[in-house]
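Just below is one structure, and these are the notes that go with it.
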């Protein structure tokens, strides 16, 4: 269903048991990552096994929410959930893993979107689920 | 040589398991089987599965395989996997192969199969952000490459210009008129930094191959083309989870294995095909295959090394950028390698004896590489 902007809601995820802690976190404003208790590897996306050493002895923790702009494209083709050219970005989190996201509170131009610029997480609520997005740090 | 099963186990629980998604059922069974064999995932170099993609299983468990089988023919798929695995081990394609099954048949949790549905990991962690398929996903690492190595927009455009030169020699190519760097940079922006001419065509078509024993090859009407080497690998079902955006792990493993198994060095290669869904693919391919040092392939192309008359003819049919691209272009790259080895290509490379053909699957998710020769091994 289109809202007042004429845009449809973005495609929303359906959590699974192994990712539920992540999506529970976004609803309360936390970006949760996982860490292997045996080898210390911090990894993403969520799964109950460390991709570094096959250990199931893993835990989640609240990440800083800070990262930097690793790479992006600016899509010019029309998308039912986005208005005009918009960037799809990869964010390098300070804890190590990389996440896909969008950059908000920032012009969607090559001039404004500078690689390695510091970013911080923000959350967009959609009722039962909240999507992590990033904005220029301090914006 | 005989091949043995050295690990076997089922999921920890059976019956109704609503707290595990389908991919985690694969993982649970895999971890139990690894424990049964006294192994870790890093000891595995071959993965076979059905119902989920072997790409997803390998990435989920942290495996960088050099042999993959995703044969999916229903409930007996795993019998085929055992057979293929035995053949692969006998052939030296892999040493230690993991075959997995997991199915949330009753609870239906995360049952997307092959990455479909809103519950798959790509759908959860890439799906919300407005990706429009390959134009936005395949291309997403290129700005990082440009910053890291100083590649210019003009150098990226040059890939399309050179391939159009090859297409101009090919009557079957979709686009044959010469283009300039300026033409490429003035073509419509699709997904910055990619312009229309830096993206592959969308066309219809098909292709097929027949293989038999080399000793029978002389009984057929055409010049035989021999398989000299091959390699394969997968990395991740999500481009966002590539270990390094500026290089493909699957290219490196598949390409390295292909050249090694062929027993050739880079200087032996007369002709190269690199699946070019987008203009950066040949750059990644040249570097990941080891023809160029990291960061040097764009200059290598700009200097004319891959154009007609250059020392390493590349994508001589015009490639996905100018020849054709139906969606799964790998078959057309193989066809051009065969034509070059038969000596029947429209833009024939004189006296070419060895061709390397590097394919990609998904957005750097998978790779296969074949080395062909017209000289009887």
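Residue numbers (our numbering), protein chains in the order written: chain A, 12 to 150; chain B, 763 to 1139. The beta carbon of each residue, even a glycine, is placed where N, CA and C say it ideally should be. All of these numbers come straight from a predicted model, not from anything done at the bench.
C-beta neighbour in chain A for residue i, strict 7 Å
i	result
residue 888(B)	yes
residue 1073(B)	no
residue 859(B)	no
residue 876(B)	Here the model assigns residue 876(B) a pLDDT of 45, short of 50, so the residue's position is not dependable, and the following value carries that caveat. Taking Cβ atoms only, chain A never reaches closer than 7 Å to residue 876(B), which makes this a no.
residue 1038(B)	no
residue 901(B)	yes
residue 912(B)	no
residue 1009(B)	no
residue 789(B)	yes
residue 1023(B)	no
residue 881(B)	yes
residue 898(B)	yes
residue 906(B)	yes
residue 824(B)	yes
residue 998(B)	no
residue 949(B)	no
residue 866(B)	no
residue 1043(B)	no
residue 1129(B)	no
residue 1002(B)	yes
Cβ of residue i within 7 Å of any chain B Cβ
i	result
residue 75(A)	no
residue 13(A)	Confidence at residue 13(A) is low in this model, with a pLDDT of 45, below 50, so its placement is unreliable and no value can be given for it.
residue 4(A)	Not covered by the structure: residue 4(A). The range shown for chain A is 12 to 150.
residue 20(A)	no
residue 129(A)	no
residue 62(A)	yes
residue 65(A)	yes
residue 37(A)	no
Closer than 7 Å at the beta carbon, the chain A residues around residue i
i	result
residue 952(B)	87 and 88
residue 909(B)	126
residue 885(B)	24
residue 917(B)	Under the 7 Å cutoff, chain A gives no residues; its nearest Cβ is about 17 Å from residue 917(B).
8 Å Cβ cut-off: residues of chain A touching residue i
i	result
residue 931(B)	Correct list: empty, because the minimum Cβ distance to chain A is about 32 Å.
residue 871(B)	27 and 28
residue 786(B)	27, 28, 29, 58 and 59
residue 894(B)	86, 88 and 90
Interface partners of residue i on chain B, CB under 9 Å
i	result
residue 142(A)	890 and 891
Neighbouring residues, chain A, relative to residue i (Cβ below 9 Å)
i	result
residue 995(B)	Chain A residues near residue 995(B): none, gap ~16 Å exceeds 9 Å.
residue 783(B)	27, 28, 29 and 30
residue 1123(B)	Ordered by position in chain A, no residue passes the 9 Å Cβ test against residue 1123(B), which lies about 20 Å from the chain.
- Task: Counting only runs of 4+ residues fully inside the region 810-854 of chain B, write out the alpha helix (DSSP H) ranges in chain order.
- Result: Runs of the alpha helix (DSSP H) inside the region 810-854 of chain B: 816-823 and 839-853.
- Given a limit of 7 Å on CB to CB distance, which residues of the region 80-105 of chain A reach chain B? Listed by position, the residues of the region 80-105 of chain A near chain B (Cβ gap below 7 Å) are 81, 82, 83, 84, 85, 86, 87, 88, 90, 92, 93, 97, 99 and 101.
- Task: Give, in chain order, every residue of the region 106-123 of chain A whose Cβ lies closer than 8 Å to some Cβ of chain D.
- Result: Of the protein chains in this structure, namely A and B, none is chain D.
- Message: Would the region 1122-1130 of chain B count as touching the region 995-1012 of chain B if we require 3 or more Cβ pairs under 8 Å?
- Response: They touch, by the three-pair rule.
- Message: Does the structure place the region 122-136 of chain A close enough to the region 76-88 of chain A that three or more beta carbon pairs sit under 8 Å?
- Response: Yes, the region 76-88 of chain A touches the region 122-136 of chain A.
- Mind the definition here: the region 20-36 of chain A touches the region 840-858 of chain B only if three or more C-beta pairs lie below 8 Å; say whether that holds. For the pair of segments examined, the region 20-36 of chain A was found not to touch the region 840-858 of chain B: the number of CB pairs separated by less than 8 Å stays below three.
- Does the pairing of the region 1103-1120 of chain B with the region 956-970 of chain B give three or more beta-carbon distances under 8 Å? The region 1103-1120 of chain B, when compared against the region 956-970 of chain B, does not touch it at the 8 Å Cβ threshold.
- Pair every Cβ in the region 906-920 of chain B with every Cβ in the region 40-60 of chain A, then say whether three or more of these pairs are closer than 8 Å. A contact is defined here as three or more CB-CB pairs under 8 Å, and the region 906-920 of chain B fails this definition with respect to the region 40-60 of chain A.
- Message: Across the region 780-788 of chain B and the region 817-825 of chain B, are there enough close Cβ pairs to call them in contact, namely three or more that are closer than 8 Å?
- Response: In short, these stretches touch, since the Cβ pair count reaches three.
- Query: Touch check for the region 1070-1082 of chain B and the region 1094-1102 of chain B: three-plus C-beta pairs under 8 Å?
  - Reply: With a cut-off of 8 Å, the region 1094-1102 of chain B and the region 1070-1082 of chain B count as touching, because enough Cβ pairs lie within range.
- Could you name each continuous alpha helix (DSSP H) segment of 4 residues or more that falls completely within the region 942-1000 of chain B, going from the start of the chain to the end? Runs of the alpha helix (DSSP H) inside the region 942-1000 of chain B: 943-948.
- May I ask you to list, following chain order, the residues of the region 792-822 of chain B that have a beta carbon less than 8 Å from some beta carbon of chain A? Those residues of the region 792-822 of chain B placed with their C-beta closer than 8 Å to a C-beta in chain A are 793, 796, 802, 803, 804, 821 and 822, ordered along the chain.
- Pair every Cβ in the region 975-987 of chain B with every Cβ in the region 857-875 of chain B, then say whether three or more of these pairs are closer than 8 Å. The answer is no - the region 857-875 of chain B does not touch the region 975-987 of chain B, with fewer than three Cβ pairs under 8 Å.
- Item | Any 3 or more C-beta pairs closer than 8 Å across the region 890-901 of chain B and the region 948-963 of chain B | Contact annotation: the region 890-901 of chain B touches the region 948-963 of chain B, with at least three C-beta pairs closer than 8 Å.
- Task: Decide yes or no for the touch test of the region 918-927 of chain B against the region 1034-1046 of chain B: beta carbon pairs closer than 8 Å, at least 3 of them.
- Result: The region 918-927 of chain B makes contact with the region 1034-1046 of chain B; the number of CB pairs closer than 8 Å reaches 3 or more.
- Is there contact here, the region 791-799 of chain B with the region 763-773 of chain B, by at least three beta-carbon pairs under 8 Å? As far as the Cβ criterion goes, the region 791-799 of chain B touches the region 763-773 of chain B, which means the pair count is three or higher.
- Every unbroken alpha helix (DSSP H) inside the region 1048-1098 of chain B [4 residues or more]: Segments of the alpha helix (DSSP H) lying fully in the region 1048-1098 of chain B: 1059-1064 and 1081-1084.
- Would you say the region 981-993 of chain B touches the region 1001-1010 of chain B, given that touching needs at least three Cβ pairs under 8 Å? Contact between the region 981-993 of chain B and the region 1001-1010 of chain B is absent: fewer than three C-beta pairs spanning the two stretches fall below 8 Å.
- Message: Restricting to runs no shorter than 3 residues, where is the beta strand (DSSP E) found entirely within the region 12-87 of chain A?
- Response: Whole beta strand (DSSP E) segments, 3+ residues: 43-47, 69-73 and 77-86.
- Query: Is there contact here, the region 799-811 of chain B with the region 824-840 of chain B, by at least three beta-carbon pairs under 8 Å?
  - Reply: Touching, yes, given that three or more Cβ pairs across the two stretches are closer than 8 Å.
- Message: Across the region 1017-1036 of chain B and the region 1127-1138 of chain B, are there enough close Cβ pairs to call them in contact, namely three or more that are closer than 8 Å?
- Response: Output reads yes: the region 1127-1138 of chain B touches the region 1017-1036 of chain B.
- Message: Quick test of the definition: if touching needs 3 or more C-beta pairs under 8 Å, does the region 921-935 of chain B touch the region 1079-1096 of chain B?
- Response: With the cut-off at 8 Å, the region 921-935 of chain B and the region 1079-1096 of chain B touch.
- Task: With 9 Å as the limit, tell me which residues of the region 1086-1099 of chain B have their beta carbon closer than that to any beta carbon of chain A; keep them in chain order.
- Result: Answer set for the region 1086-1099 of chain B: empty.
- Query: Is it true that the region 1086-1093 of chain B meets the region 1044-1056 of chain B, where meeting means three or more beta-carbon pairs spaced less than 8 Å apart?
  - Reply: Contact check between the region 1086-1093 of chain B and the region 1044-1056 of chain B: fewer than three CB pairs, one atom from each, fall below 8 Å, which does not count as touching.
- Count the C-beta pairs between the region 57-67 of chain A and the region 130-140 of chain A that are closer than 8 Å, then say yes if the count reaches three, no if not. Under the 8 Å Cβ criterion, the region 57-67 of chain A does not count as touching the region 130-140 of chain A, having fewer than three qualifying pairs.
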